[in-house]
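Visitor:
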Amino acid sequence: MLKKISISFILVFIAAFPLFAKENVLETRCGWFHNPSPANITLYDRDGEWIFSVQGGYQLKEDWEWPKFKPSEWVNTNVNYGYGCICMNAVVNHKDRKVISIQTLKAKPLKSCQKDPALKKWKSFLQ
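Structure representation (structure tokens):
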């Protein structure tokens, strides 16, 4: 009897494990890195909007290094604020659409995002 319960428990655990494991998986996401004003930072990629921080609201708990954009890779829209194209390796919360932790952020040429058909829908958000 105990053996049957143990086997049942193991099978349930194995079946449910993917539901819990996805929470802290490092993902590569590429898209528009948008910083329109102080403390408002978002990534727009093929799957949607991912929040780094919101002024007066959510903030990444850990320190992270700003991507190193060349002048030709950053578009100023409001003094020093603006947008660029990046790829990041990060843990994100799919339910809340928030960036939880960042391993790497790498600036990419603007053309990388401009040529990606999945990112064209976000262009109007970047002004």
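Count along the sequence shown from 1, then add 2; that gives the number in our numbering. Note that the Cβ used here is the ideal one computed from N, Cα and C, for glycine as well.
Look at the alpha carbon of residue 23 and the alpha carbon of residue 93, and state the distance between them as a whole number of angstroms.
Guide: With a pLDDT of 48 at residue 23, under the threshold of 50, the predicted position of this residue should be treated as unreliable, though the coordinate-derived value follows. Roughly 12 angstroms between the two C-alpha positions.
Visitor: Exposed or buried, residue 96, counting other C-beta atoms within 10 Å across all chains shown (16 or more means buried)?
Guide: exposed
Visitor: Under a three-way DSSP split, which group does residue 67 fall into?
Guide: coil
Visitor: Check this for me: beta carbons of residue 53 and residue 46, under 8 angstroms apart or not?
Guide: no
Visitor: Rank 80, 55, 26, 51 by C-alpha distance to the C-alpha of residue 38 and give the top, closest one.
Guide: 80
Visitor: What are the residues that DSSP puts in a beta bridge with residue 106?
Guide: 91.
Visitor: Could you give the distance in angstroms between the alpha-carbon of residue 33 and the alpha-carbon of residue 88?
Guide: 6 angstroms
Visitor: Between residue 129 and the rest of its own chain, which residues show a CB-CB distance below 8 angstroms, the 5 nearest in sequence each way excluded?
Guide: 79
Visitor: Out of curiosity, what's the CA-to-CA distance linking residue 123 and residue 106?
Guide: 25 angstroms
Visitor: Just list the residues that DSSP pairs residue 126 with in beta bridges.
Guide: In the DSSP output, where bridge partners are listed per residue, residue 126 has none listed.
Visitor: So, with DSSP's three-state summary, where would you put residue 61?
Guide: strand
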